[in-house]
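Note sheet for the following structure.
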Amino acid sequence: MVTVTVPVEAAKVTLAYAIAFLFNIGVQVVGRVRAVKAFKKLKDAGATKEKFNRYTSDIMLASDRSVGNFVEWQGIFLSLFWANALVTGKEVELGYLYVGIRFLYPILAQLGGISQGGARPLILVATLPGYYVLGRYMYLLYQEAYVANA
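Have a look at this one:
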């Protein structure tokens, strides 16, 4: 029988990660409310006769992309994070950096990091550290699986 000790810190990071997801959903809801409110002002002023379209709103685009980006990357983060925590037990606290950027991403997106014109350099403040964390966990796992046991 194999006994595996799970670092308590890994559970804390995972809890913080779940809270970050809920934060992103909250930002998306607030974004929708803001976008609809702004659209109604335009419509009341006679500036448009169209129906509200979430896909032409920078606010909604930033909100939707924040949640979409979170979901797109959650599988690789959680698998690398937990594999690293269980196999190497190293740098589990680095997961907090990733969680932090998951909180930061929707804020930067709303501040202009994402718009109809595409991603802007501002969003790199959140994405580049995230890529570092994922790369670091891949490196640690590779070292443990292929180098240390060679």
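Sequential numbering of the sequence shown, starting at 1, is according to full-length UniProt numbering. Think of the CB as a built atom: it goes at the ideal place given N, C-alpha and C, for glycine as much as any other residue. Just so we're clear, the structure is a prediction, and the values are computed from it rather than from any experiment.
Leaving out the 5 sequence neighbours to the left and right, which residues in its chain are closer than 8 angstroms to residue i when beta-carbon positions are compared?
i: Asn84; result: Lys90, Glu91, Val92, Tyr137, Leu140, Leu141
Compare the beta carbon distance of residue i and residue j with 8 angstroms and say whether it is the shorter of the two.
i: Val13; j: Val147; result: no
i: Val125; j: Leu94; result: no
i: Ala109; j: Arg65; result: yes
i: Ser63; j: Gln28; result: yes
i: Pro129; j: Leu86; result: no
i: Phe21; j: Phe39; result: no
i: Ile59; j: Gly31; result: yes
i: Glu144; j: Thr88; result: yes
For residue i, which of helix, strand or coil comes out of DSSP?
i: Gly117; result: coil
i: Glu9; result: helix
i: Val71; result: helix
i: Glu91; result: coil
i: Thr3; result: coil
i: Asn149; result: coil
How far does the alpha helix (DSSP H) with residue i in it reach, from first residue to last?
i: Ile123; result: Where Ile123 is concerned, there is no enclosing alpha helix (DSSP H), given that its DSSP letter is neither H nor E.
i: Tyr98; result: 94-108
For residue i, which residues from the same chain have a beta carbon less than 6 angstroms from its beta carbon, with the 5 sequence-adjacent residues on both sides left out?
i: Gly113; result: Arg120, Leu122, Ile123
i: Thr48; result: Leu42
i: Tyr17; result: Val99
i: Pro106; result: Asn24, Val27, Ser66
i: Phe81; result: Gly95
i: Tyr104; result: For the record, residue 104 in the displayed sequence is Leu; it is not Tyr. So the qualifying residues of the chain are Ala126.
Could you tell me whether any Cβ in chain C is nearer than 8 angstroms to the Cβ of residue i?
i: Ile59; result: In the structure shown, chain C cannot be found, because there is only a single protein chain.
Consider the C-beta atom of residue i and the heavy atoms of the ligand FMN; say whether any pair is separated by less than 7 angstroms.
i: Asn69; result: This structure lacks the ligand FMN; in fact it carries no ligand of any kind.
Inset, instruction - For the region 21-78, list the beta strand (DSSP E) runs that are entirely contained and at least 3 residues long, ordered along the chain. - result: Segments of the beta strand (DSSP E) lying fully in the region 21-78: there are none.
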